[in-house]
Structure formats: structure tokens, C-alpha cells
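For what it's worth, my numbering labels the leading residue of the sequence shown as 1, then goes sequentially.
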Amino acid sequence: MIVKPKVYIARRVSKEVQEYISNFCDLEMNEGDEILSREGIIKNYNYIDGLITIGTKIDEEFLDSMPNLKVVSNISVGYDNFVIKDMKKKKIVGTNTPDILNDTVADLTFGLILSLARRIPELDRITKAGMWEKVYPEEYVGTEVHHKTLGIIGMGRIGEAVAKRAKLGFDMDVLYYNRHRKEEIENKLGVKYSSKDKLIKNSDFIVILTPLTEETYHFIDAREFNLMKKSAIIINVSRGQTINELALIDALKTGKIAGAGLDVFEKEPTDKNNPLLRMDNVVTLPHIGSGTWKTRNDMSMMAAENMVSALQGNIPKNLVEELA
Ligand code: DGY
1 MIVKPKVYIA
11 RRVSKEVQEY
21 ISNFCDLEMN
31 EGDEILSREG
41 IIKNYNYIDG
51 LITIGTKIDE
61 EFLDSMPNLK
71 VVSNISVGYD
81 NFVIKDMKKK
91 KIVGTNTPDI
101 LNDTVADLTF
111 GLILSLARRI
121 PELDRITKAG
131 MWEKVYPEEY
141 VGTEVHHKTL
151 GIIGMGRIGE
161 AVAKRAKLGF
171 DMDVLYYNRH
181 RKEEIENKLG
191 VKYSSKDKLI
201 KNSDFIVILT
211 PLTEETYHFI
221 DAREFNLMKK
231 SAIIINVSRG
241 QTINELALID
251 ALKTGKIAGA
261 GLDVFEKEPT
271 DKNNPLLRMD
281 NVVTLPHIGS
291 GTWKTRNDMS
301 MMAAENMVSA
311 LQGNIPKNLV
321 EELA
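Here it is as C-alpha cells:
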């Protein structure tokens, strides 16, 4: 009798994905609405060979508690939950889901830009409260997006999708900052490479798309907010810890910048008392950048394929490069 490897999925996925994995593995899945916690995984599933998850910290302590674990497959492009040196030491395979979410996250980025610039959530609340007649519309006029300057910090694949929308859809000037210059994208889209500080000083909208690493932790801090235009709007769709949230709160309170659109927070879920949740010039989302049915399903299927491939002893298509 062939013994199938045991796989646990910490967040519910579609029947189609479950069926695919079940052809190759013994599958158990969290049926709840939330991702099962790290402690819950250790307590109940310490015998598994493979884990499909989002955001679970995979470090030495976790790996010591999961003696059979060989593969961790993220349903996310980000893999800041992987402690690479600990995974390397134990020869754990780690995979992610790049590319298929690029356009979906870029769409949401523009959703946030437009929401802030044209004050859509604020005006929605006012209209629904029956206050249309009572307010002076001048109080609620917004700012333009088209022909303004967009600064993209982190010109990866999602950055390119945002730049494309900005250039071709909104006729914006696009500056970008990245560890490595991307001349191919410059030539293709007409975006301009800039130093970090120049981008921050000159942009009307600043979009953070850089992955979270030791170098990008608090990449935007009080110093950077002091350099921004007072009219600047900052959008974060990468990881909350790339911005010092206390410095952001101060910058918004003291009028150093005009607004923020946040899909991510330093701590998630964010605290109910976070002052950012009470500011009209801040639009908040619950880390939902890739959250369309199709994209989430495609990501889950990709994570499943990575898992099956790795457990079969192959090099999975989306092996995280630091673990190769
Ligand atoms: C990603 O894919 O990294 C998204 O942010 C979800 O975590």
C-alpha cells in the first residue's frame, strides 16, 4: 500500500483545489473563516509532511515542533514569514505564488488612490446619511489623479502593473525607486528611475510595493514624512512594517501629508483602537489586495501544485529563490 504524504491547509480553499491535492496527498483542511494559528498547527497537526498557509512564521521553534515537515507552500507572493536561515538549516522547501496576482493588486492600488483623491468612502458615508443637501459640496471636492506624479517604491511585477495603469490610463508621470534599476521597464513604459528621497519629495502619490526585508523595515519613517509634499497621499499594499505606523499617525495628525490608503498594518488584524481607523483622510482595508475569487483560487491552485511537485521530489516551479 502506498502511503500518501500528509498535507494540512491552514485556510479554506475551493473544492477544485482540494480535489487536486487529494489525488496525491492525504489532506486535512481548516474549515473555519480564519487562518489556523501557528500554535493551533503545532498542537493539532505536528505530524504533517506539507503545510499550505499564509503568513505563518516558519522559524526554528516551529520546525522543531513539526518533525516530518518538508514543504511549506505559501498562498501569497510575500514570504516574509519564512525565516530563511532556519528553513535552510533544516532543508525545508518553501514556495510562493508570484505573478498571478499582479493585475488584481494593481487594480486595488488604484482603488485606494482614487478613493483618497476623490474622497469616495467619505462621500459615500455622507450621501447615505442623507446629508447631500446639508453639506457645501466645496468642502468635499477632491484632488486630481490624472497627470499627477506617482512614485512607486519597489518596481517588481506588481509595480510594473501599477506603472502601466498610471502611464496608459491616467497619463501620470511615474517615478520609481528600486534596489536595481529596471531599464527595460523604463523603455517600455516611460517611467523614470529616481533616488528614494527625490521620489519622496516630488510625488503626489507614493505607493509602497517593496517586500518586507531587514532593509525595508520602517523604510518610510519620520524623516521621509518630513520630506513629502503636504498634499502627498501614501498608499501601502505591501507589508505594514515597511512604514513606521506611529510616524504615519503623527504625519497625518500634524498635516505633514494629506492622506493614506492602507491595505496592510504593522500588526494584523490591526487594533480596534488604532487612531488610523478614526481618520477621514485614511482609507483602510483588511489586507485584501489579491482578494478576488478568481485570483485567490488561482493562487490556491498554484500553492497546491507547488506542494505536490515538491512532495514528489521535484523542484517546484515557485521555489523561493533564497531556498534554492
Ligand atoms: C501576498 O500575496 O503577499 C499578499 O499580500 C497576501 O499575503
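Just so it is clear, CB atoms sit at the ideal spot from N, CA and C, and this is done for glycine as well. What you are looking at is a predicted structure, and each value in this text was computed from that prediction instead of being measured.
- In terms of Cβ geometry, Val-320 and Phe-82 form a close pair [threshold 8 angstroms].
- At a cut-off of 4 residues, the continuous stretches assigned as alpha helix (DSSP H) that sit fully inside the stretch 277-316 are 293-311.
- Of all alpha-carbon atoms in Glu-215, Leu-285, Gly-261, Asn-202, the one lying nearest the alpha-carbon of Asn-226 is that of Asn-202.
- Here Ala-129 is exposed: its Cβ has fewer than 16 other Cβ atoms, across all protein chains shown, within 10 Å.
- Separation of Leu-101 and Asn-30 (C-alpha to C-alpha, rounded to the nearest whole angstrom) is 23 angstroms.
- Beta-bridge partners assigned by DSSP to Phe-82: Ile-58.
- Scanning its chain for C-beta atoms nearer than 6 angstroms, with the 5 sequence neighbours on each side dropped, one finds around Ile-48 the residues Lys-6, Tyr-8, in chain order.
- Counting only the Cα atoms, Met-87 lies some 36 angstroms from Phe-110.
- The closest heavy atom of the ligand DGY lies 7 angstroms or more from the beta carbon of His-147.
- Contact between the stretch 20-30 and the stretch 298-308 is present, with at least three C-beta pairs closer than 8 angstroms.
- When DSSP reads this structure, Leu-168 sits in no beta bridge, so it has no partner.
- Between the ligand DGY and Gly-55, a heavy atom-to-CB distance of less than 7 angstroms is present.
- The DSSP-derived three-state label of Ser-231 is coil.
- Residue pairing by DSSP places Val-71 opposite Gly-50, Val-93 in a beta bridge.
- Between the stretch 110-125 and the stretch 90-99 there are fewer than three C-beta pairs closer than 8 angstroms, too few to call the two in contact.
- Scanning the stretch 84-162 from its first residue to its last, the whole beta strand (DSSP E) runs of 3-plus residues come out as 93-95, 149-153.
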